[in-house]
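Chains as they are written, first to last, in my numbering: chain A, 2 to 452; chain B, 2 to 452. Using N, Cα and C, we set each Cβ at its ideal position, and we do this for glycine too. Since we're looking at a predicted model, the values are computed, not measured.
Protein chains: 2
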Amino acid sequence: MQHKIVLQESDIPKQWYNIVADIGKPMPPVLHPATLEPVGPDDLAPLFPMSLIEQEVSTERWIDIPEEVMEVYRLWRPSPLYRALNLEKAIGTKSKIYYKYEGVSPAGSHKPNTAIAQAYYNKKEGVKRLATETGAGQWGSALSLSSQLMGLECTVYMVKISFQQKPYRKSIINTWGAEVFPSPTDRTNAGRAILEKDPDNLGSLGIAISEAVEDAATHDDTKYSLGSVLNHVLLHQSVVGLETKKQFEMVGDYPDVVIGCVGGGSNFGGFADPFVMDKIAGKEVRAVAVEPFSCPTLTRGKYAFDYGDTAKMGPVAKMYTLGHDFIPPGIHAGGLRYHGDAPIISLLVKEGLMEAVAVHQLGCFEAAITFARSEGIIPAPETSHAIRVAIDEAKKFDEAGKEGVVAFNFSGHGHFDMAAYDAYLAGELQDYEYPDEKIKESLAELPKVKY
Amino acid sequence: MQHKIVLQESDIPKQWYNIVADIGKPMPPVLHPATLEPVGPDDLAPLFPMSLIEQEVSTERWIDIPEEVMEVYRLWRPSPLYRALNLEKAIGTKSKIYYKYEGVSPAGSHKPNTAIAQAYYNKKEGVKRLATETGAGQWGSALSLSSQLMGLECTVYMVKISFQQKPYRKSIINTWGAEVFPSPTDRTNAGRAILEKDPDNLGSLGIAISEAVEDAATHDDTKYSLGSVLNHVLLHQSVVGLETKKQFEMVGDYPDVVIGCVGGGSNFGGFADPFVMDKIAGKEVRAVAVEPFSCPTLTRGKYAFDYGDTAKMGPVAKMYTLGHDFIPPGIHAGGLRYHGDAPIISLLVKEGLMEAVAVHQLGCFEAAITFARSEGIIPAPETSHAIRVAIDEAKKFDEAGKEGVVAFNFSGHGHFDMAAYDAYLAGELQDYEYPDEKIKESLAELPKVKY
């Protein structure tokens, strides 16, 4: 039996897919954090190069991938689609489970798909340095690699709890020639303000975003780069789902359900959007976003305008949010600790075109171990959320007496997350569910807007 | 331009290649450590299953790969051959550089190619547990994965210096369900004897082998498994070189020189042997083995009979050796710290069919950084030795005004070696050359044999 469905370099999509063209509703406006009025390109220009701003607001269905970006994609793309024959056997399902393996990139995750595009457009417009934040370290690694390949400098603000849990992420970022600091730092006003109130603050994506945005806004030669959430990020990630569809065609199959973990939404969006395109066109397929119980943005948050960052310096967007002051506990899936979600994903969930489900940490690690011991590859804790639900969905088909086709995005390997496995195997981890009271509290801080 | 030369699963070789059939000289006998007389299959039976013993002494040119092994190979094989376009540009060479990327296996190196075969034959003959040693941790990881996939238990003795430098190797081995101990341990007579003399002993592959061999020899349901050196190991690794030749055919090219790092010789042998087959048949191709100056077995050792392990429990083989008491300094390329070398490689070097060269640690890390910043992938310190010489060889062609074709085996990624990169980037590493006196000393301890 065939495990891998392998494409050639010539099969890499030539265009990115923009689902905004197909939702049938306009995206809500993005607001200025100070005025709470819609932003124009000029407001975003201190942070992003114009070509990315254009992509951010584009309603074109297909956007050409520049040859310079394709050239770097060819270092690892197309990525394989696996039929998880061993996993199916291990859990005793009659359903078929497929996974798209994005861990083949040098950074070990899907993140370089957009990092390389962002570095390219910045370089083209004369930018010298990129500033960014990173949670689990996947994004910071990806952007440092991409900056190096495109000839840019790069500064990474890494959430302190992840910096401590994953010391070798720092080494990787340095190996690829970038600098990295544990956030909150004393390098920015945003960071200093937090440290003054709470010197032991473990950081959050929201805080780190504030620091990177401030760094970019206060340096002429520097722009900001975001690894998830934004429309242009999901756009770039669509190569994942587009390749996957081609691979399903090769074997004459099609998924009943596509699954991905969601922090900001980039891997899930990139994987699922091309399938949701089919769904909008009438095809029967479910798209399931998986988030941790400890940061339940889509399942317990509110669909509302909120700041993307803690210091209220970045744009305000309409999305599912737990409130910009929400700081989740230090679970090991650092990449899923964001208070908000991609506006595109949020709208698609709101419109019923995507579903969301929350899962517990222990069940995810259990699934990860089952996967590692059958398929071999050790998943990142983030990815284990998708595996958990893929297994659950396969079993639901079994219970219903059906043979389903389940596909999930294997967003990244866990080679830099082994301390989390240690903790799990030593029985040191526990599940955590956020109290209603706390969520209500942080949701009370949403900005009042007239849109 | 095409970066990756990609095969389909149906292109995985159906047979392993055994170069013993083509050397034109018989392999020297393997001797019993106590009697120093040639061993027969019965002597080896406490350590290995009969099918592996048969492969060990086989002179057949081609040996069928069992379907059960093929099934697991398909989890990651065939591995891609890369044209290192970015590296060529970075170093400004007119030569072509190719690398075979064995880091795609779940364990991150070429090691599972033989681990899975060994686990299969042991399982088939009723073995319940495998005991082994590991240097850098690559082999221990590979065997724990393979044991898990074949339904065997697994015990790993890991060289203490590597255990300390690479804590997450332990986590991986545990994640794949095996147990691992820092060697020397107090679990074996061999380990206890060393600890008694020197409680702070940092271990060596020789010591760890002694422990694993003793564990297997003293437990009925347990066999021993070796990740390098032996004929059957190089046999299994030949899939690497056979695939590479197919990939060169696909693009209508052929290497002038094939390069690999050498600890015990398995990745180099597996990669180079199929090309040496062509060389024996009259084709012009050089095969270059690269070792560290700090453990210069092929370049400064003696071609003689020696014990494979420190405690003189394992077989005695004719090979290049620095003496079985030789303990190299704790360089970061833990996988290259073996006092001996594969008898096959040793004979091929002796016969002039392979060359050997020693390189310094700092030059290797410099090459590794150049590679990581151009091609993306972060190499294991072992692999960096091959990269160093690949770059050097490409430049030699440039100097001679020729456009050479250089190919090397990228034996594994460095995701679990980031502490070594930290040390290098912080300027903490230095080069080391073993004093003549020390080598003379340990070579004085070779056994006196009549063969």
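Residues of chain A with CB under 9 Å from B/H416, in chain order? G109, Y169, I173, H414, H416 and F417
Indicate the three-state DSSP secondary structure (helix, strand or coil) for A/L349 in the structure shown. helix
Look at B/A391 and B/P380 and say whether their C-beta atoms are less than 8 Å apart. no
For A/D307, name the three-state secondary structure that DSSP assigns. In the three-state reduction of the DSSP assignment, A/D307 falls in the strand class.
Could I get the ranges of all uninterrupted beta strand (DSSP E) runs contained in the region 246–317 of chain A, with 3 residues as the minimum, in chain order? 258–262, 287–293 and 303–308
Going by beta-carbon coordinates alone, are B/S412 and B/E383 separated by less than 8 Å? yes
Compare the C-beta of A/L363 with all C-beta atoms of chain B and state if any pair is closer than 8 Å. no
Quick one, which residues of the region 71–103 of chain B are near chain A if we go by CB-CB under 7 Å, in chain order? The region 71–103 of chain B vs chain A, Cβ under 7 Å: R75 and L76.
Quick check: what's the CA-CA separation for B/T298 versus B/D342? B/T298 and B/D342: Cα-Cα distance of roughly 7 Å.
In whole angstroms, what is the alpha-carbon distance linking B/A312 and B/I210? 9 Å
Please list the partners that B/I370 has in chain A, where partner means a Cβ-to-Cβ separation under 7 Å. T176
So which residues on chain B does A/H4 lean against when the C-beta distance must stay under 9 Å? E10, E72, R75, L76 and W77
Just to make sure I have the definition right: I need the residues of chain A whose C-beta is within less than 7 Å of the C-beta of B/A1. Which are they? Past the edges of chain B, shown from 2 to 452, lies residue 1 of chain B, and the structure says nothing about it.
I think B/V240 touches B/I92, with their Cβ atoms under 8 Å apart; what is that distance to the nearest whole Å? That belief does not hold up - the Cβ atoms of B/V240 and B/I92 are roughly 30 Å apart, past 8 Å.
Which bits of chain B does A/E38 rub up against, with CB to CB less than 7 Å? Residues of chain B passing the Cβ test: none, with the nearest at roughly 42 Å.
Flag this pair as yes or no: are the beta carbons of A/P344 and A/A318 separated by less than 8 Å? yes
Find the residues of chain B that neighbour A/E61, judging by a C-beta separation of less than 7 Å, and give them in chain order. Within 7 Å Cβ-Cβ: nothing; A/E61 doesn't reach chain B, min ~29 Å.
Are the region 75–89 of chain A and the region 208–226 of chain A touching by the rule of at least three beta carbon pairs closer than 8 Å? no
Checking 8 Å against the spacing of the C-beta atoms, do B/Q119 and B/S226 come in under that value? yes
Are the CB atoms of B/V70 and B/K224 within a distance shorter than 8 Å? It is not a contact, given that the beta carbons lie outside the stated cut-off.
List the residues of chain B whose Cβ lies closer than 9 Å to the Cβ of A/L426, in chain order. Taking a Cβ-Cβ cut-off of 9 Å, the neighbours of A/L426 in chain B comprise S172, N175 and T176, given in sequence order.
Run through chain A and tell me which residues come within less than 9 Å of B/G207, C-beta to C-beta. None at all; the shortest Cβ gap to chain A is about 28 Å.
Does the beta carbon of A/Q149 come closer than 8 Å to any beta carbon on chain B? yes
Can you tell me which residues form a DSSP beta bridge with B/I392? Looking at the DSSP assignment, B/I392 forms no beta bridge with any residue, so it has no partner.
Thinking A/G336 and A/G136 are a contact (beta carbons under 8 Å), I'd like their distance in whole angstroms, please. 5 Å
Nearest-angstrom Cβ-Cβ length linking A/S428 and A/D257, presumed shorter than 8 Å: Correcting the residue identity first, residue 428 of chain A is Gly in this sequence and not Ser. Not a contact, Cβ separation roughly 36 Å.
Tell me, please, whether the CB atom of A/T69 is closer than 8 Å to any CB atom in chain B? Checking the sequence shown, residue 69 of chain A turns out to be Glu, not Thr. Cβ-Cβ to chain B under 8 Å: no for A/E69.
Just the chain A side, please: which residues come within less than 8 Å of B/I20 by C-beta, in chain order? Those do not exist, as B/I20 stays about 29 Å from chain A at its closest Cβ, beyond 8 Å.
DSSP state of B/R84, grouped into three classes? strand
For B/K161, report the span of its alpha helix (DSSP H) as first-last. K161 to Q166
What residue range is occupied by the uninterrupted beta strand (DSSP E) comprising A/I64? W63 to D65
State the Cα-Cα distance for the pair A/M320 and A/S347, rounded to the nearest angstrom. In this model, A/M320 and A/S347 are separated by some 5 Å (Cα to Cα).
So which residues on chain B does A/L131 lean against when the C-beta distance must stay under 7 Å? By Cβ distance, chain B contributes nothing, its closest Cβ being about 16 Å from A/L131, past 7 Å.
B/M419 to A/R130 span [Cα, whole Å]: 25 Å
What is the residue span of the beta strand (DSSP E) that B/W17 lies within? Q16 to Y18
Just reading off the alpha helix (DSSP H) that A/E68 is part of, what are its end residues? E68 to Y74
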